[in-house]
Structures are given as structure tokens and as C-alpha cells.
Amino acid sequence: MEYLLNQIVNGISQGAIYALMAIGYSVVVGVTGLITFTHGEVIMIGAFASFYIFQYIGNNLILGIIASFIASWILGMFIYYVCYDRFFEAPSHISLICTIGASMLIRNLAQIYFGPNQKPMLNIIDNKVYRIGVLQVSLMQIVILITVVVLASILAFFINNTRWGIMLRAVSQDKKAAYLMGINVRKTAMIGNCIGCGLAGIAGLLISIYYQTLQATMGGSLGMKAFSSSVLGGLTDTRYSALGGLAIGLIENLGITISTASFRDIFAFGFLITVLIIRPEGFASRKGAKSQ
Amino acid sequence: MKVLLEAKNVSKHFGGLKAVDNVDMVIYEGDIFGIIGPNGAGKTTFFNLCSGVFPVTGGEIYFNGENITNLRPDIIAKKGMARTFQNIKLFNYMSVLENIKIGFHIHSRTRMWDAILHTSVYKRDEKLAEEKGMEIIERVGLKDYKDILAGNLPYGMQRMVEIARALALDPKLLLLDEPAAGMNPNETMALMEFIKKLNHEGYTIAVIEHDMKFVMNTCNRIMVLNFGKKICEGDPEYVRSNKEVNEAYFGKGIVVQGGTM
């Protein structure tokens with residue numbers, strides 16, 4: 000019982016990281032209206048950016064978060080210009096294939112420049128463990144949860160209350176109408192894409208702190224988990240994506256209590272398949288970000 | 000009278016199809032300019048060329064004395080040309096008020112950090128957008144519906160929201176693409192009055208419409224397109240009596256030769 004409760008705590012904190020990735024994913028898909036497979040690589044670049052910052056500048060979490068955000072923002076710009084900018088009018092599979100290619104390119108370049116081996120992430124948060132009754136919560140888990148909640152609230156505020164957020168929503172709902180309302184659709188779509196990528200980069204930083212390792216090929220399964228989480232919200236709804244992330248984190252950690260840790264991914268992708276069978280269009284009733 | 004929008008020899012070809020073929024047009028300030036023609040005559044394509052949705056194949060378009068040929072749609076919108084669509088394009092998952100507030104953002108001087116830090120510039124702009132948005136909503140009579148998602152409104156009201164959103168841009172020229180389509184006769188009457196009222200308030204309006212009563216009663220000048228070509232231009236009386244226009248709409252009378260038939 001004690002073990003189970005602690006696995007729930009682990010599941011929530013890991014799920015929070017997945018949730019942040021999934022929120023980023025649904026922002027990207029929502030604004031561009033096109034599916035991306037570069038998300039895992041964005042996550043990886045975010046992790047490496049903070050890794051080098053911690054190594055060469057110092058153990059400062061805030062600085063690491065800013066570095067991850069900026070690095071993945073820049074990668075997001077690259078991805079936008081390569082994969083989306085000229086393909087809004089084209090059939091959507093063209094940009095999809097383009098993102099697959101870009102993801103391979105980025106992953107292999109990363110293996111060349113960062114090396115193919117696992118690297119140990121520096122321990123930048125104290126290994127303090129708090130006990131609340133039978134529960135054990137580490138300081139790291141608390142920091143992760145706070146970071147995710149703060150970032151998600153900032154994003155929610157930005158999207159719902161600022162005029163930039165309204166522009167993003169307008170672009171995601173109807174690009175043509177947005178254009179004729181004087182919105183620079185391309186610039187707005189790029190900023191939306193970069194915001195999503197920036198969040199993913201920070202999630203990459205958090206997950207590499209959580210596992211204390213990082214690797215140039217880490218993006219593959221993480222990107223797929225972000226995708227699986229946002230399927231719950233029909234790929235475009237940020238709230239359901241966050242829920243999906245939490246669900247996957249919980250299912251993974253509860254699943255390995257009844258089996259072994261190497262089966263982790265089976266539970267995550269089993270969740271994806273289950274959702275796709277039960278409700279392929281996602282649980283969010285809105286379908287605002289259809290590209291047509 | 001001052002020329003507001005001028006098209007010189009404008010053409011648009013889709014492959015071999017000449018959707019718009021060498022059309023000249025002048026809209027003066029204060030006009031209610033009607034564009035009519037049978038289905039597929041190129042009316043909407045012509046609007047799309049003026050508002051920058053498609054690049055032109057040939058010719059030039061001047062707005063307010065400035066060459067706007069092939070500029071991006073958002074830039075043209077900022078210069079003061081707003082439009083509505085034949086098939087309504089609202090932001091369906093936003094409330095009516097939010098839809099209209101979008102129109103104000105181009106007049107906003109808010110920068111990203113203003114929004115994040117909630118500076119006075121941001122607050123003033125936000126308040127202004129709210130107030131002006133409400134003002135427009137009241138003018139078009141949608142006050143009771145301001146918080147409803149635009150996609151849930153009935154068709155006729157969605158059209159009014161679209162017009163209201165275009166008005167929020169504070170345009171010099173308003174392009175309306177079949178504003179009365181799908182409206183019942185009462186709504187059409189109300190729309191006619193509303194368009195005339197807007198015209199009195201100083202808006203120049205260009206309108207595509209199939210409802211002849213609507214066009215003949217509101218417009219002061221009318222252009223007729225058929226197969227992409229301009230076949231007639233003038234005041235309603237002149238257009239009504241024009242032979243080519245009648246032929247375009249009703250077909251040629253059968254020319255009797257040799258006494259048969």
C-alpha cells in the first residue's frame with residue numbers, strides 16, 4: 000500500500016512533465032493546424048541547452064529554464080520555416096513528412112555534436128525527501144510540480160487574456176479570416192509554434208533532471224508520449240492534453256508496480272491505443288483548430 | 000469626388016480559366032457600389048483580388064491612391080479595407096464580443112511586455128477595445144448575445160457579427176460578399192437600412208448580392224460581371240434597362256430566321 004501511494008506521487012510528478020510536453024504539443028498543432036513529429040527533438044535540445052548551462056555557468060535552475068526556452072524557441076523557428084511556412088496551403092501530409100525528416104536531421108546532428116552516449120545530468124536540486132505520513136515526496140518533485148503549474152498558468156493567462164492570445168486563437172480557428180482582420184498569420188503562427196516548442200524544451204530540462212540522464216536520442220519516445228497525451232484532447236485542446244499527460248504518468252508508474260520498469264513504455268502506448276479505439280477524435284468537444 | 004478603390008485592367012486566370020478578365024472599376028468615396036452577375040461570373044474572385052487573398056495575374060489595384068497590387072491581406076486590411084465572406088468565416092469558438100475585439104488589435108499599441116506586465120498602455124487599450132466593441136455590438140443590435148459563442152448563433156446573426164467584426168477595423172471601405180444570403184425578407188430589409196445608415200455615417204461600401212431588390216434599392220452605382228468580363232456599369236436605372244445585362248441573366252431571345260419556330 001505504501002509503495003502504491005508513493006508510486007502515485009511519482010506518477011503525478013512525472014505526469015506533470017508529460018503534461019507540459021503535451022501542452023506544448025497541442026499549442027503547436029493548434030496554431031499551425033499541422034501535426035508535428037519534431038517535438039521529441041525539441042525536448043532533447045531543451046535538455047541539452049540546460050545541461051551545458053549547468054556545466055559551464057553554474058547550477059541555477061532559473062537560468063537553465065531560460066536557456067532551454069530560448070534554445071527550443073530558436074529550434075522552433077527553424078522547424079517553422081522548414082516544415083510549415085510554405086505548406087499551409089499544401090496537403091497536410093507534406094509538412095508531416097517534412098517534420099519527420101527534420102526530426103531525423105536534428106537527432107543525428109545532435110548525436111554528432113553531443114555524442115551518442117548517455118550523459119549524467121548534474122544534480123542541481125538537493126536530494127531532500129519530505130515525509131508526510133507514509134508518503135515520501137522529494138524536493139525535486141515539488142520543484143517540478145511548481146514549475147509546471149506556474150508555466151501552465153502563465154500560458155493560460157496569455158492565451159485567454161492578452162490580445163496576442165486572442166490572435167493565436169484566431170489564427171488557429173480560421174487562417175483566412177484572421178488574415179483579413181489584419182493579423183499577420185505567418186508571424187503569429189510562428190510565435191505560437193515557438194511558444195509550444197519553448198514549453199517542450201523546459202519539459203526536456205525537467206525530465207532530464209528527473210531521470211538525471213540525458214541522451215541525444217531521448218526525444219523519440221518522449222515525443223511520442225507528448226503526442227499520446229494530447230490525443231486525449233483531440234491534439235489541440237491544452238487542458239485535455241495536460242490531463243492526458245498526467246494520466247500517462249500515473250498509468251506508467253502504477254503499471255510498473257505490477258510488472259517491471261522496463262515495461263514502462265508499454266503502458267504509455269497502451270493508453271494511446273485505448274484512447275484511439277474508444278474516442279479517436281479526443282474528449283474535447285471543440286474542434287476549432289481544423290486547418291480547413 | 001475622391002477615388003477610393005481603383006482597379007485597372009485587373010485579370011485573374013486559373014490555368015486556362017479567365018475568372019476575371021481585364022476589369023476596370025472605380026469606387027468613389029461615399030458610394031454604395033454593387034457588383035452583380037450570374038453565378039460563376041467572378042464576383043467573389045474579384046473581391047479576393049482586391050483584398051489580397053489571391054495575387055492578380057495582370058493589372059493594378061489602387062486603394063486611396065496607393066498601389067496595393069499583390070500586397071499581403073493583413074497589410075491591405077491595415078490600410079483600411081475590411082470584408083465579409085460569402086460563406087461565413089467567424090471564429091466559432093470565441094464569443095461575439097471577442098470576435099469583434101479582434102478587429103481592434105490593429106489599432107493597438109500594446110507590446111508583448113505591456114501585456115505581461117499589465118502596464119497602463121495595456122489597460123487603456125484593453126478598456127478601449129471593450130468599450131468600442133460594446134458600442135459596435137449595440138449598433139448592430141447583438142447586445143443580448145455578446146457572450147455567446149459565435150458558432151452557436153443562427154445564420155442571420157452570424158452575418159451581422161461578421162459585419163460588426165469588419166466595422167471594428169474602422170475601415171474606409173467595407174466589402175460585403177452576399178450579406179443577405181440566407182436571410183429572411185425582414186432581416187434583409189433591416190440589413191438594407193443598416194447598410195444605408197452606415198453609408199450616411201461615412202463608410203464607403205461595396206457589395207456583392209444576388210437579391211436584385213436589395214441591390215437596386217441600396218446601391219447608387221452597379222457593375223455587372225459575366226464570365227469574368229465587365230459588361231455594364233452605371234446607376235440602377237441604366238443597368239436595369241441594359242440589353243446585355245438582360246441577356247446575361249435571362250438568355251438571348253431566339254432569333255427567328257426563315258420563319259420557322
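These protein sequence lines map, in sequence, to chains A and B.
Letter by letter, the first sequence follows residues 0 to 291 in numbering that gives the first Met the number 0.
Letter by letter, the second sequence follows residues 0 to 260 in numbering that gives the first Met the number 0.
The C-beta atom is built at its ideal place from N, Cα and C for all residues, glycine as well.
Per DSSP, Gly269 of chain A is one residue of the alpha helix (DSSP H) stretching across 263-277. Counting only Cβ-Cβ distances below 7 Å, Leu179 of chain A has contacts in chain B at Ser50, Pro72, Ala76, Arg82, in chain order.
Of the residues assessed, Ile277 of chain A falls on the exposed side of the cut-off, its CB having fewer than 16 other CB atoms within 10 angstroms.
Between Gly102 of chain B and Ala205 of chain B, the gap from beta carbon to beta carbon reaches 9 Å or more. The beta carbon of Asn47 of chain B sits closer than 7 Å to those of Phe53, all from its chain and outside the five residues before and after it, given in chain order. Going by beta carbons, Gly45 of chain A and Phe68 of chain A fall inside the 9 Å limit.
The DSSP-derived three-state label of Cys218 of chain B is coil.
Take the alpha-carbon of Phe84 of chain B and the one of Thr31 of chain A: they are about 22 Å apart. One finds Arg162, Ile165 in chain A with Cβ atoms closer than 9 Å to the Cβ of Lys100 of chain B, taken in chain order. Ala128 of chain B belongs to the set of residues whose beta carbon lies under 9 Å from a beta carbon in chain A. Legend: CB atoms of the stretch 182-203 of chain A lying less than 8 Å from CB atoms of chain B belong to residues Ile182, Asn183, Val184. Partner residues in a beta bridge of Glu192 of chain B, as assigned by DSSP, do not exist. Val139 of chain B is not a Cβ neighbour of Leu152 of chain B, given a cutoff of 9 Å. Counting only runs of at least 4 residues, the stretch 178-222 of chain A fully encloses the following alpha helix (DSSP H) elements, listed from N- to C-terminal order: 184-210. Per the Cβ contact rule, the stretch 100-111 of chain A is in contact with the stretch 34-42 of chain A (3 or more Cβ pairs under 8 Å). The closest CA to that of Tyr27 of chain B, considering only B:Ala81, B:Val244, B:Cys49, B:Phe62, is found on B:Phe62.
Cβ contact annotation for Ile7 of chain A (same chain, cutoff 8 Å, sequence separation greater than five): Leu249, Asn252, Leu253, in chain order. Residues of the same chain with a CB within less than 8 Å of the CB of Ala176 of chain A, apart from the 5 flanking positions on each side, are Ala169 in chain order. Linking Ile11 of chain A to Met191 of chain B through their CA atoms gives a straight-line distance of about 59 Å. Comparing C-alpha distances from Thr217 of chain B to each of B:Ala6, B:Gly181, B:Asn98, B:Gly29 shows the shortest one belongs to B:Gly29. Beyond the five residues adjoining it in sequence on each side, Asp146 of chain B comes within less than 6 Å, by CB distance, of Ser94 in the same chain, given in chain order. In the structure shown, His209 of chain B falls within a coil segment according to DSSP collapsed to helix, strand and coil. Distance check between Ala267 of chain A and each of A:Phe53, A:Ala18, A:Ile99, A:Ser171 places A:Ala18 closest, using alpha-carbon atoms only.
Tyr202 of chain B and Leu173 of chain B do touch by the CB rule: their CB atoms are close to 5 Å apart, below 8 Å. With contacts defined by Cβ atoms closer than 9 Å, Pro37 of chain B and Ala247 of chain B form a contacting pair. For Ile67 of chain B, the number of other beta carbons within 10 angstroms of its own is at least 16, and it is reported as buried. With its beta carbon at least 9 Å from every one in chain B, Ala89 of chain A lies outside the interface. Here DSSP, grouped into helix, strand and coil, assigns Ser171 of chain A to helix.
Within chain B, Phe84, Lys88, Leu89, Phe90 have C-beta atoms less than 8 Å from the C-beta of Ala176 of chain A, given in sequence order. Under the Cβ distance rule, His12 of chain B does not count among the residues neighbouring chain A, no pair being separated by less than 9 Å. DSSP places Phe13 of chain B outside any alpha helix (DSSP H); the residue lies instead in the beta strand (DSSP E), whose first and last residues are 2-13. Under the three-state reduction of DSSP output, Gly39 of chain A falls in the helix class. Shown here for Val142 of chain A: same chain residues with a beta carbon closer than 8 Å to its own, the five before and five after excluded, namely Leu60, Ile124 in chain order. In the structure shown, the three-state DSSP call for Asn21 of chain B is strand.
Where Val244 of chain B is concerned, the enclosing alpha helix (DSSP H) starts and stops at 242-249.
Apart from sequence neighbours up to five positions away, no residue of its chain approaches Gly269 of chain A with a beta-carbon distance below 6 Å.
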